[in-house]
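These notes are about the structure you will find just below.
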Amino acid sequence: MASMVAIVLIGILAFIFYGSLESMARFGFKYLITSGWNPVSDEYGAFTAIYGTIITSLAALTISLPIGIATAIFITEDILPRKVNEFIGLMVELLAAIPSVVLGLWAIFVMEPFLRPFLILLNQTFSWLPFFGTEPRGPGMAPAIIILSIMILPIITSISRDSLNQVPKKLREASYGIGATRWTTIFHIILPAAISGITGGALLALGRAMGETMAVTMVIGNSFNFSWSLLAPGNTISAMLANQFGEADGSQISSLMYAALILMILTLSVNIFANWLVKRISLKY
Amino acid sequence: MKDRVQLLHTAKQLNYKTFSRKNILEKLQTAIAFCLLIISIIPITFILVYVLIKGGTQLSIDIITQLPEPPGDDLLSAGGIGNSIIGTIIVTTIASVISVPIGIGGGIYLAEYSSGGLFSRFIRFGTNVLAGVPSIIAGVFIYGIIVSTKLIYGSNYSALAGSLALSILMLPTIIKTTDEGLKLVSDDLRRGALGIGASKFITITRITLPAAFSTIATGILLSVARAAGETAPLIFTALFSFYWPQGNEILLEPIASLSVLIYNFALEPYEAQNELAWAASFILVMMLLALNIIARRIGKLTMDNKSN
Amino acid sequence: MIKENPLPKKIKRQNSSLILENVSISYQQNLAVRNVFLKIPKKRVTALIGPSGCGKSTVLRSINRMNDLIVGCSLKGRVLFEGTDIYSPKIDPVEVRRRIGMVFQQPNPFPKSIYENIAFGAKINGFNGDMDFLVEESLRKAAVWEECKDKLNESGYSLSGGQQQRLCIARTIAVKPDVILMDEPCSALDPISTLKIEETIHELKKNFTIIIVTHNMQQALRVSDYTAFFNAEKDEDNMGGKVGYLVEFNLTKEIFNSPVQALTKDYVTGKFG
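In the order they appear, the protein sequences are chains A, B and C. Quick note on my numbering: the first sequence kicks off at 1 and runs consecutively. Quick note on my numbering: the second sequence kicks off at 1001 and runs consecutively. Quick note on my numbering: the third sequence kicks off at 2001 and runs consecutively.
Right, here's the structure in full:
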């Protein structure tokens, strides 16, 4: 029965690889660097989606990493009363339990309208930067980035909290014992000791963000037109799969499989690296 | 006199200096971290408030018991989510029926039978990797091998296909928690059972499994909760339905689910459908929270037992 | 039971580095140590001895406010350092710990290089002199320079347990405190390392006031000038709980040769504990 895991995993990889052969043969490497999705002329390029996948997940990680780590520090360092810490921990776990599609619904009707004035301001102030070069009109990469950063926050917080808790108490004492302040201790002693676990957690969160589908597809705009701008509608591989797969046929299916293969490779490599790092923390002390 | 000067000097040095660079910096860093902490709990607070208000307020017997109406038919009402609630329960139950025995079996193999060799290391690694596979990929996989090929009795979109996709996502969690739960059971217990002449199989089924029961049950419930909220694997496997699941071939027909209803109706231009999506979110979130709370209760139970 | 005031009269107020006045320490509601009066003399070694659970470590950790890090730990009474009450709300505990350093039971070097282990404390305390010199000086004073001089850039964990503990002493010295607290510094070490640490302590008392907690009476006899004997008794207010108290404090040779209290005599002759 244990081998079911191997069978399913290898089955998925083989199936996706086999499915994408046709498209690989036709478009080859060009598929990765061209954008445009035209079922009529049967021309496909996934650059928009690949760019979207990477940029949204990296941006989301950049946003939620400091927030998640700060939260983890706050609740492991006994800065607040224990009851408050427990409450915050509970809220973070609650967030992890909310399904992606509900977050998407909230993002469409609550978050995006709330965010829009700020995004317009961003566009007006920084329109000379390609990332903010277009006027926000509702769905786009920026709302997708924000909802993704909310979704991965619980992973970052809980893994950071676990790694911080594993830092031996004696290191903390040593640092306080020579007259270090709280934040000197945190930055110079505790965080360096927990860094591999935190990095592992960040990578797991990155992998999750790359593969995340529903909330993203609901707010990203699902556009195949490439734009550098984060304020413009965009696409990710998983959003593209969710939108196109049900209605696709023929060579479009193969092209979608090709995209799925790229997504698999991206998430697998990130995840494997993350698992390796997380495992290392338990060996260190 | 000299002593007094010395004393005052020491006191000054040890006093807390509110405006020293060090102390301002400390305060500043604590303040920044506190702001980030507040930011981290703002989203969940607002999400819960909106789901409770926008979803909870509309709740009525009609909404829970009626069928949804196709968008555009009636601008004032979108019907109810009765079949979606049942659909979610059916699909998740079937997914559990498939993945729980396999998952527990796999976990038992890893913890009790494998010798830590290459094969079991590979399976543990594979379990971690499978846990990281994006849920949409599970949907694509099942679509490809079951839906598009009409593999099962010639039906394409079906409840069964949806359940299979979900079971792929549940499997790694169940294997992992079983494996870890069994490893926590002390070896003394095992030796005790084997020592009085019980076979390995009897030891596992009568002694070790019951001892690890609550860890495993927690893991299963959490994975059920995760599966019940999943959408991506269902949108092109189980699809959606505007009707009650009925007849002899329920499992071979497309089936509604709360999550797919939320997805479909959130993107409709009609307000009535959007409202129904909020109501469905409320029900779904409540179901998942209940599962999570039960899972945690069971988990806590063991902790208490162990500490006593 | 106590026949007379256990404070030795010989220590004058101005010769004492630390004075504990009626100190009681509790964890949450549980009293751990009660009513301790102590005068710790300057530039001498004072040993705190007693059976386990008598609160000697708790008292030690209260002297540089290390107990602040334990949630729910509270102190009544006064701890005067150079005449200043370090538990007064005006006091910055971080500054207290800079002046009163601590060496712990388990060697706990930072996961950094040997050099960085020493330099870190000095740097955060605003040291801007010759760091190489400070590192060498501190390692020499802690009698671990010979073992370290060729591998200053290697991890602190590459040293043996005894060397690690001396590295931790060097790290504490580098901050230039007035007082060094040592919490059973040799309990995790082999006899040879223990001997080396004891030699180090002899050297250090020229410049530092040292307070050492030890469960080893021979060690107290070997290294200390003064000894405080603590004991634990059942606490009537707190069913079954033990509370520690100071039995006797005097010159070490008095404690071991002619103790005033019968209890002290029983303990130092090995009748209990």
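Ideal Cβ placement from N, Cα and C applies to all residues, glycine included.
Do you know how far the Cα of residue j is from the Cα of residue i?
{"i": "A:Phe-74", "j": "C:Glu-2236", "result": "39 Å"}
{"i": "B:Ile-1255", "j": "A:Phe-109", "result": "27 Å"}
{"i": "B:Lys-1306", "j": "B:Asn-1128", "result": "Note that B:Lys-1306 scores a pLDDT of 49, beneath 50, so its modelled location is shaky; the value from the coordinates is reported in the next line. Going by the C-alpha atoms only, they are around 28 Å apart."}
{"i": "A:Gly-207", "j": "C:Cys-2186", "result": "48 Å"}
{"i": "B:Ala-1217", "j": "B:Gly-1103", "result": "12 Å"}
{"i": "A:Ser-254", "j": "B:Lys-1150", "result": "18 Å"}
{"i": "A:Gly-138", "j": "A:Pro-113", "result": "7 Å"}
{"i": "C:Arg-2061", "j": "C:Val-2096", "result": "12 Å"}
{"i": "A:Val-270", "j": "B:Arg-1296", "result": "30 Å"}
{"i": "A:Glu-43", "j": "A:Phe-27", "result": "9 Å"}
{"i": "C:Asn-2250", "j": "C:Ser-2193", "result": "28 Å"}
{"i": "C:Asp-2274", "j": "C:Val-2033", "result": "Beyond the ends of chain C as shown, which are 2001 and 2273, falls residue 2274 of chain C; an answer cannot be given."}
{"i": "A:Ser-127", "j": "A:Ser-229", "result": "10 Å"}
{"i": "C:Gly-2162", "j": "C:Leu-2134", "result": "21 Å"}
{"i": "C:Phe-2256", "j": "C:Leu-2221", "result": "8 Å"}
{"i": "B:Asn-1023", "j": "C:Gly-2126", "result": "14 Å"}
{"i": "A:Ile-190", "j": "A:Ser-158", "result": "16 Å"}
{"i": "B:Phe-1265", "j": "B:Ala-1277", "result": "6 Å"}
Measuring from the CB of residue i, is there a heavy atom of the ligand HEM at a distance below 8 Å?
{"i": "A:Leu-164", "result": "This structure does not include the ligand HEM; it has no bound ligands of any sort."}
Quick check on DSSP: helix, strand or coil for residue i?
{"i": "A:Val-5", "result": "helix"}
{"i": "C:Cys-2186", "result": "coil"}
{"i": "C:Val-2144", "result": "coil"}
{"i": "A:Trp-37", "result": "strand"}
{"i": "C:Ile-2002", "result": "Residue placement at C:Ile-2002 is poorly supported in this model, since its pLDDT is 45, which falls under 50; the coordinates still yield a value, given next. DSSP places C:Ile-2002 in coil when its eight states are reduced to three."}
{"i": "C:Asn-2030", "result": "strand"}
{"i": "C:Phe-2127", "result": "coil"}
{"i": "A:Ile-75", "result": "helix"}
{"i": "C:Val-2223", "result": "helix"}
{"i": "A:Lys-30", "result": "helix"}
{"i": "C:Lys-2265", "result": "helix"}
{"i": "C:Asp-2085", "result": "strand"}
{"i": "C:Ile-2173", "result": "helix"}
{"i": "C:Arg-2061", "result": "helix"}
{"i": "C:Leu-1996", "result": "Any question about residue 1996 of chain C goes unanswered here, given that chain C covers just 2001 to 2273."}
{"i": "C:Ile-2091", "result": "strand"}
{"i": "A:Gly-11", "result": "helix"}
{"i": "B:Ile-1090", "result": "helix"}
{"i": "C:Leu-2038", "result": "strand"}
{"i": "C:Lys-2159", "result": "Checking the sequence shown, residue 2159 of chain C turns out to be Leu, not Lys. Looking at C:Leu-2159 - three-state DSSP - the assignment turns out to be coil, as it is neither helix nor strand."}
{"i": "A:Asn-275", "result": "helix"}
Would you decide whether residue i is buried or exposed? Buried here means 16 or more other CB atoms lie within 10 Å of its CB.
{"i": "C:Tyr-2115", "result": "buried"}
{"i": "A:Arg-161", "result": "buried"}
{"i": "B:Gly-1055", "result": "buried"}
{"i": "C:Lys-2196", "result": "buried"}
{"i": "C:Gly-2101", "result": "buried"}
{"i": "C:Gln-2261", "result": "buried"}
{"i": "C:Lys-2141", "result": "buried"}
{"i": "B:Phe-1201", "result": "exposed"}
{"i": "B:Leu-1014", "result": "buried"}
{"i": "C:Pro-2177", "result": "buried"}
{"i": "A:Leu-231", "result": "buried"}
{"i": "A:Val-92", "result": "buried"}
{"i": "C:Pro-1964", "result": "The structure shown does not extend to residue 1964 of chain C, since chain C is modelled only from 2001 through 2273, so no value can be given for it."}
What are the boundary residues of the beta strand (DSSP E) that includes residue i?
{"i": "C:Asp-2132", "result": "Premise fails: C:Asp-2132 lies in the alpha helix (DSSP H), 2131-2141, not in any beta strand (DSSP E)."}
{"i": "C:Phe-2208", "result": "No beta strand (DSSP E) contains C:Phe-2208, which DSSP labels as neither H nor E."}
{"i": "A:Leu-241", "result": "No beta strand (DSSP E) contains A:Leu-241, which is instead part of the alpha helix (DSSP H) from 237-244."}
{"i": "C:Thr-2046", "result": "2045-2049"}
{"i": "C:Cys-2054", "result": "Careful: C:Cys-2054 lies outside any beta strand (DSSP E) and carries neither H nor E."}
Would you kindly report the start and end of the unbroken alpha helix (DSSP H) that includes residue i?
{"i": "A:Ala-46", "result": "Premise fails: A:Ala-46 lies in the beta strand (DSSP E), 43-46, not in any alpha helix (DSSP H)."}
{"i": "C:Val-2103", "result": "Unbroken run through C:Val-2103 is the beta strand (DSSP E), 2100-2103; no alpha helix (DSSP H)."}
{"i": "A:Trp-106", "result": "100-106"}
{"i": "A:Gln-124", "result": "112-126"}
{"i": "A:Gly-89", "result": "82-97"}
Can you list the alpha helix (DSSP H) stretches of 4 or more residues lying completely in the segment 1182-1238 of chain B, in chain order? 1187-1195, 1213-1229
Exercise. Can you list, in chain order, the stretches of the beta strand (DSSP E) that have 3 or more residues and sit fully within the segment 2226-2256 of chain C?
Worked result: 2226-2234, 2242-2251
Which whole runs of the alpha helix (DSSP H) in the segment 167-205 of chain A are 4 residues long or more, in chain order?
-> 169-177, 182-185
Minimum length 4: unbroken alpha helix (DSSP H) runs contained in the segment 1244-1269 of chain B: 1258-1266
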